[in-house]
Every structure is written in C-alpha cells, then in structure tokens.
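In mature numbering (1 follows the signal peptide of the UniProt record, and there is no 0), the protein residues as written are -17 to -1, 1 to 257.
Now the structure itself:
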C-alpha cells in the first residue's frame, strides 16, 4: 500500500511540475496531445475577474486572446448568401476640404480633340493637366471575379470672376473631372463655369462612375480634375473642392466620394463577433 501511495504522489507531482505528453516524448505544453482528443463532458473557462467558470453558449467557439490571457467564448456567425446574386461587400465615403486651385498657367494647351483624349481606360499620365484631389485617393479591395463598383463624386467649382452685365462678352472656364481606378479613367464629366451678374460664381458638380469585374485584390481610387480652356477674363483662378472667396466656405465647397462595391460572393469567410 505504501508503494502504491508513493507512486500516486510521485505521478501527481510530475503532473503539477512538468509537461505531460500523450503520444509524444517531447511535449510543448503542460499537456500535449499528439492525436485525436475526445471530450465527453464540458469545457469551462475561468473568469479571473470574479473566479467564475463559463461554459459558453450553444454554437460558441473558444478564441485565443494571445499569450498570457485566458481564451474567451465567441459566437460564430456565417453570412447566408444566395448563389449568383450581388451583395454589397464594401461601402464607404470620404471627404476633402483642401481641393485644388488652377491658375491660368495650369490650363491645358492641346491640339488633340477631347473625343480622342478622353476615352475609357486612358492612363492619367497621358491626360494633361489633371490634378488629384488628395483626400479622395483611397484603397478598396475586391474579393470576387464578378463585381460592380459604383463611385459617386460631388464637389463645388468656383471662379474668381467679377460681375459681368448681360450684354458682356462670354467669360467662362471649361474644366473636366475624372474618376480613376488604378490610374485608369473609368468616368469623366466636362462642364463650363460662366461669369454672371454677381461676382465669384460657383456651381455644384456631380458625377457617377461604374466599373464591372475588377480583378480580385486591392485597387486605388482617385478623383482628378483639369482646367481645359478660358474665355474672356482668362487670368481668373478656378477652384475645385475649395473656395476662392468668402461668399462660400470650405464646408460648403468640400468634395466627397462615395464608394459601393457589389459582388457575387465566391469565398465564404466566417465572421466572428461578440
């Protein structure tokens, strides 16, 4: 009996002070099981705050919090998708109050027709005079080969024109704004801002761009504009996304970009939430 008790105490001491390996001679933890593990009863986690034991709820998983911290129970939620249907995967909006200002010297002088220059897929480096609105340059990700990305851009355009009479010669500026993905033009709008019978006129500029089936992976979205031509008072400044006079402020003139990416899901990644 003494021998049996001594053996039991010795085994208990080993369990308390050493690592135990099951089906392995070199355990990597206090208990290291090399093989299948079959649990017939419950698993509990100690809450060190109040020393309570938590068994978790149905369909919960144990999730590690890193070395030195006890694991916690998390609920596993898997979104339900219907095949061959588009779902909104990415949605975000961005703003910029800095904008861009064009002097008369920034104006594009080109003998190439606009129809030949402004074509879908044109690289921004081939388009003269385009300046990016820095705060609207953003990264997006696409996870499926079937996708539709929508871009909604809005800004305010202002010129420091003086007041002109109804019979005065035309005083105006042509400009263009484009939406680019990976520096490739996917949408462009050209407009003209005219001098009127009040000084410092401005207009609201809106455009929507759509591109389908972007390659899977990360992409860069940019908005850039250019001053194309001037008529009448050609030395006037043109501002896009910022103000040239105090009749409006930077809050009113700021630019915004809304991005929505719809995809037909192909990879169903589980989402773990509390």
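From the three backbone atoms N, C-alpha and C, an ideal C-beta is built for every residue, glycine too.
Predicted model, so just to flag it, every value in this text is computed and none were measured.
The distance from the Cβ of residue 78 to that of residue 237 is about 6 Å, consistent with a contact at the 8 Å cut-off.
In this structure, DSSP gives residue 119 a helical state, which the three-state scheme calls helix. For residue 205, the uninterrupted beta strand (DSSP E) run begins and ends at 200 to 214, by DSSP.
The Cβ atoms of residue 143 and residue 227 sit closer than 7 Å to each other.
For residue 134, the enclosing beta strand (DSSP E) begins and ends at 130 to 142. Taken through DSSP and simplified to helix, strand or coil, residue 57 comes out as strand.
Assignment of residue 97 by DSSP, reduced to helix, strand and coil, places it in the helix class. For the pair residue 157 and residue 215, the CB atoms are not nearer than the 7 Å cut-off. According to DSSP, residue pairing for residue 195 in a beta bridge involves 131. Setting aside the 5 residues that flank it on each side, residue 85 is surrounded in the same chain by 210, 221, each with a C-beta closer than 6 Å to its C-beta; the list follows chain order. Within 10 angstroms of the beta-carbon of residue 23 lie fewer than 16 other beta-carbons, which makes it exposed. DSSP places residue 88 outside any alpha helix (DSSP H), giving it a letter other than H or E. Bridge partners of residue 14 according to DSSP: 3.
With contacts defined as CB atoms closer than 7 Å, residue 25 and residue 44 fail to qualify as a contacting pair. In the DSSP assignment, residue 236 falls within the alpha helix (DSSP H) that extends over 233 to 236.
Here residue 193 is exposed: its Cβ has fewer than 16 other Cβ atoms, across all protein chains shown, within 10 Å. Taking the Cα positions, residue 185 is about 27 Å away from residue 102.
Only residues of its own chain outside the window of five on either side were considered, and among them 195, 245 have a CB closer than 6 Å to the CB of residue 131, listed in chain order. When the beta-carbon positions are compared, residue 170 and residue 122 stay at least 7 Å from each other. Inter-residue distance for residue 38 and residue 3 is about 25 Å (C-alpha atoms, whole angstroms).
In the three-state scheme derived from DSSP, where H, G and I count as helix and E and B as strand, residue 108 is classed as helix. Boundaries of the beta strand (DSSP E) around residue 167: 167 to 177. Of the candidates 176, 180, 190, 168, the residue whose Cα lies closest to the Cα of residue 155 is 176. Across the structure, residue 27 and residue 249 are spaced so that their CA atoms are roughly 36 Å apart.
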